[in-house]
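Asker: Numbering (numbering that gives the first Met the number 0), first residue to last: 0 to 367.
Glycine is no exception: its CB is placed at the ideal position from the N, C-alpha and C atoms.
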Amino acid sequence: MSGRNRALLAAFLVVVVVLLVLIVQFKQQTDALSVKRISDQLAVILRSELDKEKESALRYALVLSKNEALIDAMENDDEEKGYLILSELMRSIKEYTNTLIRTQVITDDFLIFARSWDNTFAGMPIDEYRPDLRYFQQNKKPRSAIEVGRRLGIKATVPIRKGPELLGFVEVLQFFENTTDYFRKMGVELYILMDERFYNIALLMQNNPFVGKGYVVANRHYNTAHLGDLEAIDMVKLRQQGVAQADHKYFFYEPMINGSGEIIGAFVMVLPEARLQHFASREEELSFMINFTRAELYEISKRQYDSESGYKSRYDKSLLYLKDMVPPEERDAFVEEARERLGEYSKEELIGMILNYNVSREIKGEIR
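#1: So, at 7 Å on beta carbons, what are the nonlocal neighbours of Leu226 in its own chain, with the 5 sequence-adjacent residues on each side left out?
#2: Hey, how far is the Cα of Gln240 from the Cα of Glu261?
#3: Rank Asn222, Pro163, Ala279 by C-alpha distance to the C-alpha of Val267 and give the top, closest one.
#4: What number of angstroms, rounded off, separates the C-alpha of Leu192 from the C-alpha of Asp180?
#5: For Glu365, which residues in the same chain have their Cβ closer than 6 Å to its Cβ, ignoring the five residues on either side in sequence?
#6: Is the region 194-201 close to the region 168-183, with three or more CB pairs under 8 Å?
#7: Could you give the distance in angstroms between the alpha-carbon of Ser47 and the alpha-carbon of Leu61?
#8: Figure out for me which residue from Arg133, Gly162, Ile256 has the closest Cα to the Cα of Glu67.
#9: For Met204, count neighbouring C-beta atoms within 10 Å of its own C-beta (all shown protein chains included) and say buried if the count is 16 or more, exposed if not.
#10: In terms of residue numbering, what span does the beta strand (DSSP E) encompassing Arg238 cover?
#11: Alpha carbon to alpha carbon, how far is Gly264 from Ile256? Give it in angstroms, no decimals.
#12: For Thr102, which option in Met185, Ala243, Ala279, Ala113 has the closest C-alpha, if you only look at C-alpha atoms?
#13: In this structure, does DSSP put Ile263 in helix, strand or coil?
#14: Flag this pair as touching only if the region 88-95 and the region 122-141 have three or more C-beta atom pairs under 8 Å; answer yes or no.
#15: For the structure I just gave you, are there three or more beta carbon pairs, one from the region 72-91 and one from the region 118-126, closer than 8 Å?
#16: Output yes or no for whether 8 Å exceeds the beta carbon distance between Tyr249 and Glu272.
#17: Between the C-alpha atoms of Val169 and Ser64, what's the straight-line distance to the nearest angstrom?
#18: Please tell me whether Ile44 and Ala279 are closer than 8 Å, where the distance is taken between their beta carbons.
#19: Note the first and the last residue of the continuous beta strand (DSSP E) segment covering Asp228.
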C-alpha cells in the first residue's frame, strides 16, 4: 500500500472514530435529556395526585365539621355517640362510593374524642405525637398537609365550632393508597419514605423496614421487590441529583414537605429501564396523564351541573369549566362551539353563570 493510500486510510479511520464518539456523546446527551423530561413529568403527576388527595380529605373534613349530630355529641361529651356517628357515616361512604375514609375527632385540648374505625382510644392525649396541631393554637384556618403522627399520612384538619366556641377538630386521614395505586398502574413503584428522626413518634410504623440509610418505608402496601435496591442506593446522591440508575432501574427523588415547610422524608419512584424506554419513545402517554387531571375535573363538573335546570342546554354551563382545559390544537373548535351555544344568553345570564361557577369551586382551607 502506497504512502498516500495509508494516509487516506488513517484519515478515514480518524473521521470514523470521531463520528462514533460524537454519536455516542449525542446519544448519551439525548438519553440524559429524555430521563430529565420523564423525571419532570413524573414529578408533576406526583404533585397533582397528592394535591387531589389533600383536597379530597379537606372536602370531607369540612362537611363533617358542620354535622349537627357530631357537634351535639361533643357538646355533651358523648364519646360513644361520636363514634357511632363517624362509623356509620364512613360505612355509608364505603358502601355507596367504594371509598375507605378514616376520620377522627379531637377535643380542643388535643384528646381523642372519637374515631371512625374503633372506640378504644377515646380520651388518649395525642399532642405528644402531633406537633402539627400547635398550628391551631395561633390559626383558625383549616388545612390539609402531609404530617407525621402515629403514622405518616395526609391529614386534613378542620376546627369544629359552636358559635364562637371551639369544641375541637375533625380530621380526615389519607395514607397515599390512591397515589400509590395510580403510579402502580403506570408501571411505576412509589415508595413513601419517612425520615428516621420521626421514628419514635410514628408508633404504628415501628415494624416497617428501614431503607436508604435513614428512611422508614411508610407505604401501607409497599412492593417488596425493590427494597434491596433502596437499601443499597446512595440516598444522599439521589437527593442531590434527583435521579439515579442501578440494576437496570431508574430512581427518581422528590422531597416530602409537611405543612410547616419542613422536609420530613422523600418520595422515590422506581421505574424499570424497559419501562423508561417505553415512556421515552412515547412521551405523549405521560403528557396525557399530566392532562388527565384536567379531564377528570371537567367530567366531575359536567356530572355536577347536568342536573341543574334553568339553562337552555344542560351542557352549556360545563363549557365554562372547559375553557382552561382545552389543549391548544382544539381551542379553535372549542371557541366556535362555545359561541354557538352561549351566544343566545344575555349578558346578565352569562355573568350569573360565571359568578355561580366561581363560588361553587371555592374551598376554604389551606392545602400544603
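Answerer: Once the coordinates are examined:
#1: Pro208, Val210
#2: 20 Å
#3: Asn222
#4: 16 Å
#5: Lys140, Arg142
#6: no
#7: 21 Å
#8: Gly162
#9: buried
#10: Looking at the DSSP string, Arg238 is not in any beta strand (DSSP E); the run it does join, the alpha helix (DSSP H), is 234-240.
#11: 7 Å
#12: Ala113
#13: strand
#14: no
#15: yes
#16: yes
#17: 6 Å
#18: no
#19: No beta strand (DSSP E) holds Asp228; the alpha helix (DSSP H) holding it covers 226-231.
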